[in-house]
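Visitor: Mind the numbering: the sequence shown is residues 334 to 920 in the numbering used here, read in order. Here a beta-carbon is modelled for each residue, glycine too, at the ideal position from N, C-alpha and C. All values derive from a computational prediction rather than experimental measurement.
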Amino acid sequence: YDQGDCLCEEDKLLLAPSEWDAVCQVPRDATVSMATMCRPGCHWAMLGDGRCDSACNLAECAYDVGDCLKTYLNALPALHISVAASTVALLDDFEPVVVVNTSVLGHSVTAKTISGATRRLVKHHDMLFVFLAHARPFTIALLASSDLHKIEVVPMGRRIDRGYWYAEGIAKRWADVAVRRTERGVHVHASFPNDVPSAVEVQQQSYHGLTEQTRVKCSSSPPKIPGPQCLLGRGAIEVIVASDAARTQLCFESIDCIVIVEDAAAVVASVDTPRAHSAWPRNEADCGRYLWCSAIFDSLDESCGDDTYTYLGGDPKTVLTTICVRSGANTSDLALEAMTDAMCQVRSGTKKVPAWVFGCRTPPPDLDAAPLDMFGASLQHVNRLYTAAFGHPKMARGVPSHMPHFIQKRLFRELKAHWAQEFDETSAHRFRHPRDMQFAFSYMHYITNRRKLHPPTSVAEVFHSFVDVNHNGVVDDWEVDNIAALLGDATVVNACTADAPWTLRQIETDCAVLAAKLAVAPYVPAQTRVIPYAPVLFAMLRASMDPTDVAAQLQVADEKFVCINDDMEWPDVEVWRVVAQVLRSRI
334 YDQGDCLCEE
344 DKLLLAPSEW
354 DAVCQVPRDA
364 TVSMATMCRP
374 GCHWAMLGDG
384 RCDSACNLAE
394 CAYDVGDCLK
404 TYLNALPALH
414 ISVAASTVAL
424 LDDFEPVVVV
434 NTSVLGHSVT
444 AKTISGATRR
454 LVKHHDMLFV
464 FLAHARPFTI
474 ALLASSDLHK
484 IEVVPMGRRI
494 DRGYWYAEGI
504 AKRWADVAVR
514 RTERGVHVHA
524 SFPNDVPSAV
534 EVQQQSYHGL
544 TEQTRVKCSS
554 SPPKIPGPQC
564 LLGRGAIEVI
574 VASDAARTQL
584 CFESIDCIVI
594 VEDAAAVVAS
604 VDTPRAHSAW
614 PRNEADCGRY
624 LWCSAIFDSL
634 DESCGDDTYT
644 YLGGDPKTVL
654 TTICVRSGAN
664 TSDLALEAMT
674 DAMCQVRSGT
684 KKVPAWVFGC
694 RTPPPDLDAA
704 PLDMFGASLQ
714 HVNRLYTAAF
724 GHPKMARGVP
734 SHMPHFIQKR
744 LFRELKAHWA
754 QEFDETSAHR
764 FRHPRDMQFA
774 FSYMHYITNR
784 RKLHPPTSVA
794 EVFHSFVDVN
804 HNGVVDDWEV
814 DNIAALLGDA
824 TVVNACTADA
834 PWTLRQIETD
844 CAVLAAKLAV
854 APYVPAQTRV
864 IPYAPVLFAM
874 LRASMDPTDV
884 AAQLQVADEK
894 FVCINDDMEW
904 PDVEVWRVVA
914 QVLRSRI
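#1: Have a look at Tyr856 and Asp480 and give me their C-alpha separation to the nearest angstrom.
#2: So Gln536 is in the beta strand (DSSP E); what residue range does that whole segment cover?
#3: Quick one: residues in its chain with C-beta nearer than 6 Å to the C-beta of Val455, no 5 flanking neighbours on either side, listed in chain order?
#4: DSSP puts Trp498 in a beta bridge; with which residues?
#5: Give the single residue among Ile570, His520, Gln562, Glu841 whose Cα lies nearest to the Cα of Pro530.
#6: Confirm, please, whether the CB-CB distance from Leu348 to Thr781 is below 8 Å.
#7: Could you give the DSSP three-state label for Ser918: helix, strand or coil?
#8: Report the three-state DSSP secondary structure of His725 (helix, strand or coil).
#9: For Pro789, collect the residues of the same chain with a Cβ closer than 8 Å to its Cβ; drop the 5 residues on either side in sequence, then sort them by chain order.
#10: Identify whether Gln358 lies in helix, strand or coil by the three-state DSSP scheme.
#11: Can you tell me where the beta strand (DSSP E) with Asp900 in it begins and where it stops?
#12: Smallest Cα separation from Arg514: which of Met489, Thr581, Met367?
#13: Can you tell me whether DSSP reads Met770 as helix, strand or coil?
#14: Report the three-state DSSP secondary structure of Gly566 (helix, strand or coil).
#15: Can you tell me which of the three DSSP states Met379 falls into?
#16: Can Gly496 and Ile593 be called in contact, C-beta distance under 8 Å?
#17: Residues in its own chain within less than 6 Å of Gly399 by CB, not counting five upstream and five downstream?
#18: Between Phe774 and Pro733, how many whole angstroms is the CB-CB distance? I'm expecting something under 8 Å.
#19: Among residues of its own chain, excluding the 5 on either side of Ala500, which ones have a beta-carbon nearer than 6 Å to its beta-carbon?
#20: Based on DSSP bridge pairs, tell me the residues matched to Val521.
#21: Helix, strand or coil: how does DSSP classify His735 here?
#22: Would you give the residue range spanned by the beta strand (DSSP E) that Met873 belongs to?
#23: Within its chain, find whatever has a CB closer than 7 Å to the CB of Ser436; leave out the 5 residues flanking it on each side and keep chain order.
This is how it looks when you write it as C-alpha cells:
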C-alpha cells in the first residue's frame, strides 16, 4: 500500500523524545510569579517575539503565537469577526486559547475583558489571542478607530433557533443533551448514564431584568398546573419551560447546569478541533502522558527483570515511548503495571512492535547515493514537503505540462518566503540535485493549494487575489465590476463614499460595510478548474523507438503546444524525416 503514503495519518508519526523533552521537561522556578508566565518556562513576553521558544510551544500558550510554525495555529479555535457591533462566538468545547481575526477592523485595535475571566489578551499583527481562565462565558471589547465591538465567547455552546445554549459544571458526564424550540416552549432532553435527577432548579430572567426561580420535581406524568415541567423517561428527563425569557438556567441536582439565551444575532465561531495525537505535543495533557511514559521507560531495566533486547526498527526510547503515548490517557496504577509489562514484552521481542508505529515514517534520503533521475528525485522532495504542509491529495500531484506558464511574482515571492531555506539550498546547487525545489512543480501545486494557508476570509486576501488583479494597489474603474461579481450586489459598492480610486486601506477605514462583505464574499472563484482536454502534446523520443512509434506519438490534432524531447543517443534519418514532416505540417 505504497508504504502508508496513501492512507497516512499524522497521529501515527514516531514522536521525537528530544523535541518532547524540550517542551515538556521545563524546570520550574519557584521564585518567579506564575502571573508573569503562560506556563513554567514561558513568560508572556516571549509570545510573538519572533523566536521559537520550546517551552511556549503548546496550545496553552498558543504555540508561541506562531513563532515555531504558523500552521500550528490551525489547531486552535478561530473566530473571524465582522464589523457588527456585537458578536457571540460559540465554541464546541473548552480550549485554552481562542484566536480572533481582527483584520476587518484594521491594524490599530485594542482589547480588554469587560466580563468573565481571561488569563491574558495578546495582540499580534491582525490576530488577538485570548487565553481562557476557565470554561465559562466571557466578553471582550475591541476598540478600533473609536468604534466599539463586543465579542461574547461561549465555551461548550450550541446554537438553537433565536439564540444559543451552553453547559456549566461537569456536563461531559451527560450521555446526551438536546435543546429545541417548539410552540409549547423550550424543550431540554438530557440523558444520564447513572442516576437520573429527581428535580430541576429553574431560573428565568425576563427582558426587563426580573428573575423568577422555582424547583420542579420530575415525574413520569405531566403536571396539571401550568408552569415548567420535568418529565421522567428511561435514563433521561425532558424539561419544558416557557420561551419568553431572555435567559433561562436549568440546574440538575445543583451540580450541572445549562443556560439558554435568547439572541438571534449569535454567530458561530469556526473551530478547527485538533486531532488527538501528533508528532509533537499539543497541550499539557500530552506532556503529562509523555512524562509518565518516559518514567516507565527509565525503569524498564529494573522492571523487566532481564537484559534481553531485540532490534525494534529504531531508537528503543523513541519506539517504546511512542507506543505508550499513543495508547491512551489512563495513568492509573493498574494502567502503569499493564504498560510496563507491555513495554517489557516489546523490548524483549516477545511481543511485536505494532505496525502503526512506523505507518507514517519517511526514511531520510541517502544523499551520498545520488539517484540516477535527479529531476524525478526533486519532484519527490517537493511532493513530500507539500504533503506535510497541505496533506495527502485526492489524486497524485502530476508534473505540469511542457507549455508556457504565467507566473504571478507576488505569489512566487510568497512561495519562496514560506520555504526560504529550501529555495536557498536550491540556489546553492550548481547542477540538478535531489533536494531541489523544482520550479514548475513547486509553483503550480502551491497555487492550487495555497488557500489552505491563505483562505479568502480577510479583506486583504480578497483584495489582492480577486479585486486588484493588475496589482497596482488601487481599484481601477474596470475592477469595480470584480467587487460586484464577488458580492453579487452592486448596491454595496455604490454605497461606499470613499474617494476613488480606492486602496485597500481606504476600503478598510472608510467603507466598513463593503469591507465586511468582502471578508465573507459568497462568490469567490473556485480554487482550481479542471480542463477535460488539455491542448498540450509531449513526446519523448527514445533510442528504442522506430519511425512508426515516433509517428504514433506525434499524432497532432489541435494541440496548441507541442514539446518534443530528444532522448536518442544517435540520430536516425527516418525518425528525423517523420519529425520534420510533423513540424512542417504545423507551420
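Guide: Well, looking at it:
#1: For Tyr856 and Asp480, the gap between their C-alpha atoms comes out near 29 Å.
#2: Element bounds for Gln536: 532-538.
#3: Within its own chain, the residues whose Cβ lies closer than 6 Å to the Cβ of Val455, once the five positions on either side in sequence are excluded, are Leu380, Phe462, listed in chain order.
#4: The partner list for Trp498 (beta bridge, DSSP) reads Arg491, Ile593.
#5: Distances from the alpha-carbon of Pro530 to those of Ile570, His520, Gln562, Glu841 put Ile570 closest.
#6: Going by beta carbons, Thr781 and Leu348 fall outside the 8 Å limit.
#7: Helix at Ser918.
#8: Judged by DSSP in its simplified three-state form, His725 adopts coil rather than helix or strand.
#9: Excluding the 5 residues flanking it on each side, Pro789 has same chain C-beta neighbours closer than 8 Å at Val795, Ser798, Phe799, Ala854, Val857, in chain order.
#10: Coil.
#11: Membership of Asp900 in the beta strand (DSSP E) is indicated by the continuous run 894-900.
#12: Closest option to Arg514, Cα to Cα, is Thr581.
#13: Met770 falls in the coil class under three-state DSSP.
#14: In this structure, DSSP gives Gly566 an extended state, which the three-state scheme calls strand.
#15: Here Met379 sits in helix by DSSP.
#16: Cβ distance < 8 Å, so Gly496 and Ile593 count as in contact.
#17: Cβ neighbours of Gly399 beyond the five flanking positions: Leu406.
#18: Rounded, the Cβ-Cβ distance is 6 Å, consistent with contact.
#19: Hits under 6 Å: Met489, Ile591.
#20: Val521 pairs with Val512, Val572.
#21: In this structure, DSSP gives His735 a state outside helix and strand, which the three-state scheme calls coil.
#22: According to the DSSP assignment, Met873 belongs to the beta strand (DSSP E) that extends over 869-875.
#23: Residues Asp459, Ser791, Val792, Ala793 of the same chain have their beta carbon placed closer than 7 Å to that of Ser436, with the five preceding and five following residues left out of the count.
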